[in-house]
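Peer 1: The sequence shown begins at 1 in the UniProt record's numbering and counts up by one.
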Amino acid sequence: TSDDTTFTGSSGNTACSDAEALANGLLKFKFVISLILWYNTLFEINLTSKQLQEKNLNIHSAIQKLQQTKNILEELRSNEGFERTLVDSLELAEEIDFLTEFEPEPIHSRQKKQQFSCEGQDTPSQNPKQRFKVNSYFTVVDTIHSVDERFQQMQQLESVFGFLYDIHSLQKKPSKTDKRILYKTR
Numbered sequence: 001t002s003d004d005t006t007f008t009g010s011s012g013n014t015a016c017s018d019a020e021a022l023a024n025g026l027l028k029f030k031f032v033i034s035l036i037l038w039y040n041t042l043f044e045i046n047l048t049s050k051q052l053q054e055k056n057l058n059i060h061s062a063i064q065k066l067q068q069t070k071n072i073l074e075e076l077r078s079n080e081g082f083e084r085t086l087v088d089s090l091e092l093a094e095e096i097d098f099l100t101e102f103e104p105e106p107i108h109s110r111q112k113k114q115q116f117s118c119e120g121q122d123t124p125s126q127n128p129k130q131r132f133k134v135n136s137y138f139t140v141v142d143t144i145h146s147v148d149e150r151f152q153q154m155q156q157l158e159s160v161f162g163f164l165y166d167i168h169s170l171q172k173k174p175s176k177t178d179k180r181i182l183y184k185t186r
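Now the structure itself:
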């Protein structure tokens, strides 16, 4: 409307330039890769989360599902996982007519002062694909990899209390391992 002064003056110019910068960022191939990475990761985490919330889930099944999720995240962290994500991203980008190339970023040559003469030179990768892989993709996957800590905690709980989920087998004929477990609980 003519009374709307939201996008006039200097604040309007700032809002327009911010919107334009956001739109340009969304049109880059890096965004498509990030979108595919997050979709694949959150899809797997969502499946795991739903299974862990089931009423009749036992600790053995939870350990197996967490191990499976951990393996998938570790596979994402590999070069093959990156390449598979890249292929999926290329397919999506071509489908929606996006550029399918990594745009080179300006490299700011900043000299880091060396503290010791034995330190090596820090030379960033000139390849835009490799730079994205190291600085963005692996960083996200490493952050997600914190699931490993929760998995280890669950394994510790299972090692102490796991026998409770199979207590009926202890009644039949306890083995030496079962006796040792029962001894630990005293």
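For each residue, glycine too, the CB sits at the ideal point set by N, CA and C. Just so it is clear, the structure is predicted and the values come from calculations on it, not from any experiment.
Determine the direct distance from the alpha carbon of N24 to that of K30, and round the result to whole angstroms.
Peer 2: One C-alpha to the other measures close to 11 Å.
Peer 1: Taking only the alpha-carbon atoms, compute the straight-line gap between S61 and V32 and give it to the nearest angstrom.
Peer 2: Cα to Cα, the separation comes out at about 34 Å.
Peer 1: Grouping DSSP H, G and I as helix and E and B as strand, with all else coil, what is N127?
Peer 2: In this structure, N127 counts as coil in the three-state DSSP scheme.
Peer 1: Please name the residue, chosen from D142, M154, A21, N127, that lies closest to E75 on a Cα-to-Cα basis.
Peer 2: Nearest option by C-alpha distance: D142.
Peer 1: Below 8 Å CB to CB, which residues in the same chain sit around Q155 once its five sequence neighbours on both sides are set aside?
Peer 2: So the list reads I63, once near-sequence residues are dropped.
Peer 1: Can you give me the C-alpha to C-alpha distance between Q153 and I96, rounded to a whole angstrom?
Peer 2: Cα to Cα, the separation comes out at about 43 Å.
Peer 1: For the alpha helix (DSSP H) that contains R77, what are its first and last residues?
Peer 2: Unbroken run through R77: none, as it is neither H nor E.
Peer 1: By the three-class DSSP mapping on this structure, what secondary structure does K50 have?
Peer 2: Helix at K50.
Peer 1: I believe I45 touches T69 by the beta-carbon criterion, under 8 Å. Please report the beta-carbon distance rounded to the nearest angstrom.
Peer 2: Right, their Cβ atoms sit about 7 Å apart.
Peer 1: Quick one, which of K65, G12, L47 has its alpha-carbon nearest D148's?
Peer 2: It is K65.
Peer 1: Can you look up N56 in the DSSP assignment and give me helix, strand or coil?
Peer 2: Three-state result, N56: coil.
Peer 1: Nearest-angstrom Cα distance between D103 and N71?
Peer 2: It should be pointed out that residue 103 corresponds to Glu in this sequence rather than to Asp. Looking at the two C-alpha atoms, the distance is approximately 32 Å.
Peer 1: Taking the alpha-carbon positions, what's the K55 to P128 distance?
Peer 2: Whole-angstrom Cα-Cα distance: 47 Å.
Peer 1: Nearest by alpha-carbon distance to R84: which of E101, R131, E158, N40 is it?
Peer 2: When only C-alpha atoms are compared, the closest one is N40.
Peer 1: Consult DSSP for L157 and reduce its assignment to one of helix, strand or coil.
Peer 2: Of the three classes helix, strand and coil, the one that applies to L157 here is helix, per DSSP.
Peer 1: Which same chain residues, not among the five before or five after R150, have their C-beta less than 8 Å away from its C-beta?
Peer 2: These residues qualify, in order along the chain: L66.
Peer 1: Assign T1 to one of two classes, buried (16 or more other C-beta atoms within 10 Å of its C-beta) or exposed (fewer than that).
Peer 2: Any answer about T1 is weak, because its pLDDT of 47 lies below 50 and its placement is not dependable; what the coordinates show is given next. Result: exposed.
Peer 1: Of the residues T139, L92, K50, F138, which one's Cα is nearest the Cα of K28?
Peer 2: Answer by Cα proximity: L92.
Peer 1: Closest to F138 by CA distance: which of S78, F43, I59, L47 is it?
Peer 2: Selected option, being the one with the closest Cα: S78.
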